[in-house]
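So the structure is just underneath, and the comments pick up after that.
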Amino acid sequence: MSAPVIVVIDERLDEPHLQHLQSSLHAFFNSLLPTIRIRIVTYGCTVLVYDFSESGLASADMLPGSQSPSQESLKTMIFGTGLYLAPLHASLHVAHNVFSSLRPFRGDQPEVARDRCLGTAVEVSLALIQGPLAEMSRGTVKRSGGNNQIMICAGGPNTFAPGSVPYSLSHPNYAYLEKKAMKWMDHLGREALRDDTVVDIFCAGTCPVQIPILQPLAKASGLGEESHSEGHETFKNDSSVSVQMLSVEDIQSFAVTMELKRDIKESHAFFQFAACYMDFYQANISRVIMIRLPTTADLAAYLNSVEGDIAAVLIGKRAVLQAKNSSDAVDIRLAIDERIKDITAKFGTLLPKVKLQPFPKELSLFPEYLFHLRRGPLLGGIIGHEDERIVLRNILLQASFDLSLRMLAPRVLMHRGGGTFEELPAYDLAMQSDAAVVLDHGTDVFIWLGADLAVQKGKNAAALSACRTLAKELTEQRFPAPCILSFKVNFSSLEPYFFLLLANSFLKGTIPLNTKEGLRAGIRVRNKKNGSRSK
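Reminder that position 220 of the sequence shown reads as 1039 in the working numbering, one-by-one numbering, no gaps.
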């Protein structure tokens, strides 16, 4: 029997956002296997659990959202006559009726201030997963590896009942209430893990949902984000400091960085890793991997052995792990600048007759990767709200090497006609007025059409179609699915695109690399050549 999928929906959305969510939910349920069992829960100031026994209409049982559900109310629901869990093939029509029956919020409160009892809704969902045997199963040891799933579609912060916080960050008691709410969400996440349930959180609309508070819920139930800072050698034989991933997906990975306590005198260094996991059939599997790396005392050989893109990804993951908030991100950016200076001082060669010490040529791409890291959405200020930056950081921490590299430094592909593309350096010179360009930034893909190309309807349509096809091919295996945006020159959405590219002026060394004015100057130069006026 397949494990249930519970969709928990915020019913405090404005009409445009609700319509978009409804469309996504309809399409999502149509794509599921017919044998999957589903349950639908909505929340606002109350919790509604929908009943699938009525095939012609959307009916639900209501629970108060102001407090945790009582055992009596849960027993009444679990042992009642309602059908709250059903296979998709028997309830798809009812599910579509439920989604269509959702109505937008009608009050005059701003999105961020509306009552949302998300914590209570999760409690109810977990109780329904446990079912009538919940009390009997207390204290028993269960094998991990189950695949129950709760999918939360949140449109704003949890402001009502357990685990809630005030909507205003200026609330005098906000810090205490935030800490209390995070502790409660961590408790719910651990309850979900005990019941073999993974909690996924999706953000609907544009209202901040206070990711730092919801993060413990997803993290405790399966999202992996750990920092093992071990300053001793027991890491290699002490299972208490092993790296644990509560759930594993095909596109996930984790990174391990090490620091030498002293020089290695031997000709080789040996690394051994043991992986223990359960396969699809719940069998325990152990794999041991041993790697032998040569050592060298020659500086040039050492520099040539460093793969700049891999080193940049490792540094990026470590930096992002330490950037818990915007204040930390500022400190990390400064630390990156200092590390660049240290590498230059250690490995650079002082030029004769000038007071310049260039970066070692063996690591020529390394500074560019780190520039994108500190200026881009992971540590910089391109994206407007901290919630969005936290989401991107979490994606990077779990992402595979290829996706991590794209999130760190964008890839630019120019359309050359006939569906063929040429990869170019990520400089703004790629944005020619007669060109179509695809910029792949991992979690977002931008399609840009030059001004001259945009007015040629035939070429414009063909180029746009080829770019969209390429974008879909590049992002087919990525999760979450990247946002694909297309625009023309002079559109207001163009500005984030420019921030992802290096201005050509940097190549000439005429503008400081670490200033916002430098980027602006690069934008103005490019727009002037295109005959357009910059913002």
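Ideal Cβ positions, reconstructed from N, Cα and C, are used throughout, including at glycine.
- Message: In the DSSP assignment, the beta strand (DSSP E) including Q1275 goes from what residue to what residue?
- Response: In the sequence shown, the residue the question calls residue 1275 occupies position 456. Here Q1275 belongs to no beta strand (DSSP E), and DSSP marks it neither H nor E.
- Task: Check whether the Cβ atoms of A1218 and M1233 sit closer than 8 angstroms, and answer yes or no.
- Result: For the purposes of this step, residue 1218 is taken as residue 399 along the sequence shown, with counting starting at 1. For the purposes of this step, residue 1233 is taken as residue 414 along the sequence shown, with counting starting at 1. Contact: no.
- Going by other Cβ atoms of all chains shown within 10 Å of its Cβ, with 16 needed for buried, is M1001 buried or exposed? Counting from one through the sequence shown, the residue named residue 1001 turns up at place 182. M1001 comes out buried.
- Please state whether DSSP places G1236 in a helix, a strand or coil. Within the sequence shown, residue 1236 is the residue found at index 417, counting from 1. If DSSP states are grouped into helix, strand and coil, G1236 belongs with the strands.
- Item | Uninterrupted alpha helix (DSSP H) stretches inside the region 825 to 903 (no shorter than 4 residues) | 834 to 850, 890 to 897
- Run the CB neighbour count on I1104, radius 10 Å, all protein chains shown included, and call it buried at 16 or more, exposed below. As a working mapping, residue 1104 is identified with position 285 in the sequence shown. Burial call: exposed.
- Message: Rounded to whole angstroms, what is the Cα-Cα separation between I859 and K1080?
- Response: Taking the sequence shown and counting its residues from 1, one reaches residue 859 at position 40. Taking the sequence shown and counting its residues from 1, one reaches residue 1080 at position 261. About 55 angstroms.
- Message: Let's test the definition: count the other Cβ atoms within 10 Å of the Cβ of C1286 and tell me whether it reaches 16, buried, or not, exposed.
- Response: Counting from one through the sequence shown, the residue named residue 1286 turns up at place 467. So C1286 ends up on the buried side.
- Assuming P981 contacts Y993 under a Cβ cut-off of 8 angstroms, what Cβ separation, rounded to an integer in Å, is found between them? Stepping through the sequence shown from its first residue, residue 981 is reached at position 162. Stepping through the sequence shown from its first residue, residue 993 is reached at position 174. About 17 angstroms; that fails the 8 angstroms criterion.
- Task: Kindly indicate which residue of L1243, V1173, E1157, S1146 has the alpha-carbon position closest to the one of G1200.
- Result: Along the sequence shown, one-based indexing puts residue 1200 at 381. It is S1146 whose Cα lies nearest to the Cα of G1200.
- Query: So, are the CB atoms of M1004 and I825 less than 8 angstroms apart?
  - Reply: Stepping through the sequence shown from its first residue, residue 1004 is reached at position 185. Stepping through the sequence shown from its first residue, residue 825 is reached at position 6. In this structure, the beta-carbon distance from M1004 to I825 does not fall below 8 angstroms.
- Item | Buried or exposed by the 16-neighbour rule on C-beta atoms within 10 Å, applied to R933 | For the purposes of this step, residue 933 is taken as the residue at position 114 of the sequence shown. Buried: at least 16 other Cβ atoms inside 10 Å.
- Task: Quick one: give me the first and last residue of the beta strand (DSSP E) that S1105 is part of.
- Result: Looking up residue 1105 in the sequence shown gives position 286. 1103 to 1113 is the extent of the beta strand (DSSP E) around S1105.
- Query: To the nearest angstrom, how far is it from the Cα of L921 to the Cα of C1026?
  - Reply: Here residue 921 refers to the residue found at position 102 when the sequence shown is read from its first residue. Here residue 1026 refers to the residue found at position 207 when the sequence shown is read from its first residue. C-alpha separation (whole angstroms): 19 angstroms.
- So K1038 is in the alpha helix (DSSP H); what residue range does that whole segment cover? Walking along the sequence shown from the start, residue 1038 turns up at place 219. Start and end: 1030 to 1040.
- Task: Output the distance between the C-alpha atoms of S963 and Q890, rounded to the nearest integer angstrom.
- Result: On the sequence shown, residue 963 is found 144 positions in, with the first residue counted as 1. On the sequence shown, residue 890 is found 71 positions in, with the first residue counted as 1. Here S963 scores only 41 on pLDDT, less than 50, and its place in the model is too uncertain to base an answer on.
- Which two residues bound the contiguous beta strand (DSSP E) that contains S919? Locating residue 919 in the sequence shown gives position 100, where the first residue counts as 1. It is not in any beta strand (DSSP E) - S919 instead sits in the alpha helix (DSSP H) that spans 907 to 920.
- Query: Out of curiosity, what's the CA-to-CA distance linking M1097 and K1038?
  - Reply: On the sequence shown, position 278 is the one that residue 1097 refers to. On the sequence shown, position 219 is the one that residue 1038 refers to. Their backbone Cα atoms lie some 20 angstroms apart in a straight line.
- Per DSSP, P823 is paired with what? Here residue 823 is taken as the residue at index 4 of the sequence shown, counted from 1. P823 pairs with R856.
- Query: Helix or strand or just coil, what does DSSP make of R933?
  - Reply: Sequence index remark: in the sequence shown, residue 933 carries index 114 (1-based). Of the three classes helix, strand and coil, the one that applies to R933 here is coil, per DSSP.
- Message: Relative to the C-alpha of Q1296, which candidate in L937, E942, D1069 has its C-alpha closest?
- Response: On the sequence shown, residue 1296 is found 477 positions in, with the first residue counted as 1. Nearest of L937, E942, D1069 to Q1296, Cα basis: D1069.
- Straight-line gap, S989 to Q838 (C-alpha atoms, nearest Å): Walking along the sequence shown from the start, residue 989 turns up at place 170. Walking along the sequence shown from the start, residue 838 turns up at place 19. Straight-line spacing of the CA atoms in S989 and Q838 works out to 32 angstroms.
- Message: Can you tell me whether C1095 is buried or exposed? The criterion is at least 16 other CB atoms within 10 Å of its CB, across all chains shown.
- Response: What you label residue 1095 is simply residue 276 of the sequence shown in a count that begins at 1. Exposed, since its Cβ has fewer than 16 Cβ neighbours within 10 Å.
- What are the residues that DSSP puts in a beta bridge with L1304? The sequence position of residue 1304 within the sequence shown is 485, counting from 1. Looking at the DSSP assignment, L1304 forms a beta bridge with F1265.
- Query: When DSSP builds the beta bridges, which residues end up paired with H1087?
  - Reply: Walking along the sequence shown from the start, residue 1087 turns up at place 268. Answer is P1113.
- CB contact flag (D833, A1023, <8 angstroms): To locate residue 833, count along the sequence shown from 1; it is residue 14. To locate residue 1023, count along the sequence shown from 1; it is residue 204. The answer is no: Cβ separation not under 8 angstroms.
- Is it a yes or a no for the region 908 to 926 touching the region 838 to 850, going by three-plus beta-carbon pairs under 8 angstroms? yes
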